[in-house]
Structure formats: C-alpha cells, structure tokens
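Asks: For the sequence shown, UniProt numbering assigns the number 1 to the initial residue and increments by one for each residue that follows.
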Amino acid sequence: MSSGLQEANTFTLSEEQFRRVAERCGISGVDTNVYTKYIEMLVEFDKIPFRANMLASFFSWLLLAGFILFPGTFAAWLRSDLTVVVQLMDYVEQVPLYVIAWVCTGIGGAGMLWLWWKWRKNYFWLMSSIFIPGLLSSVAGIISTIASVYGAQYGIFTVTSKSALCVTAAVGFVCTLMCIFYRFILIRGLEKQHEKEVGNKRGVI
C-alpha cells in the first residue's frame, strides 16, 4: 500500500483493489503518493453500498423499459386506407400499455434523479451508474421509436410517437450534457488539481 493512501485511515484499499477501481473509471497510471480529493473520490467509489448500485441498475432498466414500451402503444396503420390513417392519427392502440410506459419512465427518471442528488459528491459513480446508462437507454428508445414509426406507421408521426420521441431525446440530451460536464469539467478539474499537488510534493522532495 502506498504512503499516500495510508494517510487517510478512514479509507483502506490495497494497491490491487485501487487499480481495479481506477480501471472501472477508465483511469490508468494514477500517482497515489499524495492523498488528494481525486484519490479520495476514487477510493469512495469502491465504498458505494451494493444497494445503491442495485437501485441504479433497477431505475435505469425501468427507464429503458418505459422507452421500449412506448412504440408498442402506436396504432398500426394500413397504407391502403388513407382515410382511416387520418382518422386515427392521434389514436393510441393500447392505452393501458401507454400508461404503464409513462409510469416506468417517470419512476425510472425520478429514481435516477434521487440517486444523482444522494451521491452527487462522487463524480465517477454518477458517470458510470447514472449518466451513461441513462444515455444508452435513451439511444435504445429513440431507435425503437423510429423503427416502429417507419415499420408500423409507414413514416407517419402521431402525437404519441412524437411525445415518445421528444421524451427519449430530451433524456438523452440531458445525459449527454451531464457526461460532458462531469468528465471534461469536474473530473478534469480534479485531475489537474491532483497533478498539481503531486508536482508540488515532488518539487519539495
């Protein structure tokens, strides 16, 4: 165990454990001789309770389920009868399924927001457990919605399909912004501070 990690007796990780944590966060070659906020956050990342990880997985999958269910509520159009198409433009084929889709999306989104607030101090965990899963779920929802529109509705966008596409795109946009903000501003700021403190210590030595 390096002297840097031994400075804080509250956190105890072996070098091998720390290496695995760093790899999970996409980080390599971290100098642990100075116990900085950057190192502390990486160590805390491994201390996140199993229950929090399970909840993050549950809410992200619930969000994905909602996005995937939306296309199943669109009415299937018959190209041969354009009059019927016009009359059914705002029709939802399975209203109960539509409600379930919104409930899943709402609970999933609310749960992820709650976890974001609860663990807002650990940027690495938020990236790996909240923002990236949310972004991937949104991409899956967008693809599923577009495929359903052009497969079942012959490219005709209804109110329900538009609302589903707007919700999934909005969630994807927010998650993308958060990924960029946390990775290239907050985490990068911690990296620079860590490098500076490491450099200062080497200069003193």
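Just so it is clear, CB atoms sit at the ideal spot from N, CA and C, and this is done for glycine as well.
Would DSSP call Pro49 helix, strand or coil?
Replies: Here residue 49 corresponds to residue number 49 of the sequence shown, with the count starting at 1. Three-state DSSP puts Pro49 in coil, outside helix and strand.
Asks: Compute the distance between the beta-carbons of Phe59 and Ala164, then report whether it is under 8 Å.
Replies: Here residue 59 is taken as the residue at index 59 of the sequence shown, counted from 1. Here residue 164 is taken as the residue at index 164 of the sequence shown, counted from 1. Contact: no.
Asks: Provide the residue span of the alpha helix (DSSP H) that contains Ile107, from first to last.
Replies: Here residue 107 is taken as the residue at index 107 of the sequence shown, counted from 1. Taken as a continuous stretch (DSSP letters only), the alpha helix (DSSP H) holding Ile107 covers 95-118.
Asks: Going straight from the alpha carbon of Tyr123 to that of Tyr182, what length do you get?
Replies: Reading the sequence shown from its first residue, position 123 is the one you call residue 123. Reading the sequence shown from its first residue, position 182 is the one you call residue 182. When rounded, the distance between both Cα atoms is 7 Å.
Asks: Which whole-angstrom value describes the C-beta separation of Gly134 and Cys175, a residue pair presumed to lie in contact below a C-beta threshold of 8 Å?
Replies: Residue numbering aside, residue 134 sits at position 134 when the sequence shown is read from its first letter. Residue numbering aside, residue 175 sits at position 175 when the sequence shown is read from its first letter. That belief holds up - the Cβ atoms of Gly134 and Cys175 are roughly 4 Å apart, short of 8 Å.
Asks: Across the stretch 181-197 and the stretch 150-161, are there enough close Cβ pairs to call them in contact, namely three or more that are closer than 8 Å?
Replies: Per the Cβ contact rule, the stretch 181-197 is not in contact with the stretch 150-161 (fewer than 3 Cβ pairs under 8 Å).
Asks: Should Ile130 and Trp114 be called a contact, given that it needs their Cβ atoms to be closer than 8 Å?
Replies: As a working note, residue 130 is residue 130 in the sequence shown. As a working note, residue 114 is residue 114 in the sequence shown. No, the pair does not count as a contact, with Cβ atoms beyond the cut-off.
Asks: So, helix, strand or coil for Gln193, using DSSP?
Replies: Stepping through the sequence shown from its first residue, residue 193 is reached at position 193. Note: Gln193 maps to helix in three-state DSSP.
Asks: Is the beta carbon of Tyr38 sitting closer than 8 Å to the one on Gln153?
Replies: As a first step, residue 38 is located in the sequence shown; it is residue number 38 there, counting from the start. As a first step, residue 153 is located in the sequence shown; it is residue number 153 there, counting from the start. Not closer than 8 Å, so no.
Asks: Tell me the DSSP secondary structure of residue 221 in three-state form.
Replies: What is shown of the chain runs 1 to 205, which leaves residue 221 out entirely.
Asks: Take the Cβ of Lys196 as the centre, count every other Cβ of all protein chains shown within 10 Å, and call the residue buried at 16 or more, exposed below.
Replies: Sequence index remark: in the sequence shown, residue 196 carries index 196 (1-based). So Lys196 ends up on the exposed side.
Asks: Under three-state DSSP, which class holds Tyr123?
Replies: Position 123 of the sequence shown, counting from 1, holds the residue named residue 123. Here Tyr123 sits in helix by DSSP.
Asks: If Phe138 sits next to Phe67, beta carbons under 8 Å apart, how far is it from one beta carbon to the other, in whole angstroms?
Replies: If you number the sequence shown from 1, residue 138 lands on position 138. If you number the sequence shown from 1, residue 67 lands on position 67. According to the sequence provided, residue 138 is Ser. The question's Phe does not apply to it. Indeed, because the Cβ distance is near 7 Å, the residues count as touching under 8 Å.
Asks: Just to confirm the assignment, what range does the alpha helix (DSSP H) spanning Gly172 have?
Replies: Numbered from its first residue, the sequence shown carries residue 172 at position 172. Where Gly172 is concerned, the enclosing alpha helix (DSSP H) stretches over 159-181.
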